[in-house]
Each structure stands twice: as structure tokens, then as C-alpha cells.
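Report on one structure; see the data block that follows.
Numbering (my numbering), first residue to last: 6 to 208.
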């Protein structure tokens, strides 16, 4: 696990739980509006990564005060040892929430099948025809659709969300995004924030 940031206590990131938040390093998208830009490069020279063992030991000491852990990023599903790490968290009795861009439905399917995730939040960046523009890279839109339907049908509590950058998305675009989401799933629109989540940890 490449851990680029850690928040030991959060009340609003995991619905209904007191949670710690782990920010993994590395993302396969380059969204121009990303609020965690420093976490995009997989091997940045300016970021000191936290040892996984140190984070696990801290969580073990705080397990009686926490209900869960949020794995955010970056893109968690790119981490090759994510499943192994989640098993360690489950052993500690902690619930797990995954924040994902939906680009790796194969990994997500495996985690769901192994009952390693208790809540999933997927960011839907744009209508499919605008995905490359909003993600900053070429995207396999079919995988985005696969993730949406996998999550919606998984039985795992979940939400879909979109960061609304008014200069990039129109009201019609938001309506198109809504149409991608099956009935019965929660959809939340987030306002664009210039201040990053990582900056928030430091102030």
C-alpha cells in the first residue's frame, strides 16, 4: 500500500461511523478539478509515504474507538495489496468504505465477493461522451458502466456522486449522469472546492 496521507479521526466521511481515513498514492485519472492533486502521481518525489505497518499498528491501538476506515486517494483499487490490507482491517473489527473512480470493476467485484467492503462511494465524473475530458485521460467507458451496475446490484450500501464544476458540467450533463444510475441508488452532487482534502488535514 502506498499511503500518501492519513486522517486518524473523521465523523462525516463514512455514513454512520466514526472512521479513520487513508489516502493512497497514485491515480489513473488526471481530473483537472481534483481536490487531492498531490496524490495523483504514483511515485512523487515530494511526498513522504507512510509505512503500511505503522498505519495498521495505529489502527489496532484505536480499534476500540473507531467503527471503520475509509480508503480514499488517489485510486484505492490500483493498490496491488489492497485486498490483503482490507483483511487486516476486518480482523481488527473495522468496517471498510472504499472511494473509487470505478475504473477497475474487476478488482471491485473480487472485494465484494470476499465481503471485504461495507460501503462504496463511486465518483461519476461526467456523461460518458465527456469522460475523457473530465478525467484528463482516455477512459474505458464500458468499465465505468460495469462498476455502476456492479455496485448498484451488490447489496452493499453505496452512493454515487459527482463533483459539479460549473465551467465543465451543464445542468443537462448532470441529468445525463443521473440517467446512468439505476433506481434505488443514492446520488449526491458535490460542489467543487479549491481547498484540497490534504490541505484540510494541515489546517
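Don't be surprised by glycine CBs; every beta carbon is placed ideally from N, CA and C.
Just to confirm my understanding: we take residue i, look at its own chain, exclude 5 residues before and 5 after, and list those with CB closer than 7 Å. What are they?
i, result
"residue 18", "24, 26 and 75"
"residue 45", "32, 35 and 39"
Report buried or exposed for residue i, applying the criterion of at least 16 other Cβ atoms within 10 angstroms of its Cβ.
i, result
"residue 197", "exposed"
"residue 80", "buried"
"residue 105", "buried"
"residue 172", "exposed"
"residue 77", "buried"
"residue 107", "buried"
"residue 59", "exposed"
"residue 152", "buried"
"residue 66", "exposed"
"residue 56", "exposed"
"residue 177", "exposed"
"residue 110", "buried"
Could you check the C-alpha separation between residue i and residue j for me, to the nearest Å?
i, j, result
"residue 8", "residue 64", "14 Å"
"residue 185", "residue 70", "38 Å"
"residue 48", "residue 31", "7 Å"
"residue 129", "residue 190", "13 Å"
"residue 118", "residue 159", "9 Å"
"residue 28", "residue 6", "10 Å"
"residue 116", "residue 88", "7 Å"
"residue 201", "residue 21", "Low local confidence applies: a pLDDT of 48 at residue 201 is under 50, so the model's placement there is unreliable, and no value is given."
"residue 183", "residue 192", "8 Å"
"residue 164", "residue 103", "11 Å"
"residue 42", "residue 15", "21 Å"
"residue 10", "residue 54", "7 Å"
"residue 148", "residue 139", "16 Å"
"residue 124", "residue 73", "10 Å"
"residue 99", "residue 84", "19 Å"
"residue 136", "residue 150", "12 Å"
"residue 154", "residue 86", "25 Å"
"residue 179", "residue 114", "27 Å"
"residue 181", "residue 144", "17 Å"
"residue 95", "residue 120", "9 Å"
Within the same chain, show all residues whose beta-carbon is closer than 6 Å to that of residue i, passing over the 5 residues directly before and after it, in chain order.
i, result
"residue 195", "166 and 168"
"residue 112", "82"
"residue 157", "187 and 190"
"residue 133", "146"
"residue 170", "38 and 197"
With residue i and residue j assumed to form a contact (beta carbons below 8 Å), what rounded beta-carbon distance in angstroms separates them?
i, j, result
"residue 122", "residue 161", "6 Å"
"residue 131", "residue 174", "7 Å"
"residue 97", "residue 68", "5 Å"
Closer than 8 Å by C-beta to residue i: which residues in its own chain qualify, once you throw out the five before and the five after it? Chain order, please.
i, result
"residue 142", "33, 34 and 35"
"residue 93", "61"
Task: Inside the stretch 85 to 158 only - beta strand (DSSP E) runs reaching at least 3 residues - done: 100 to 105 and 124 to 128
TODO: Note down, one range per segment and in chain order, each beta strand (DSSP E) of at least 3 residues found wholly within the stretch 165 to 196.
DONE: 191 to 196
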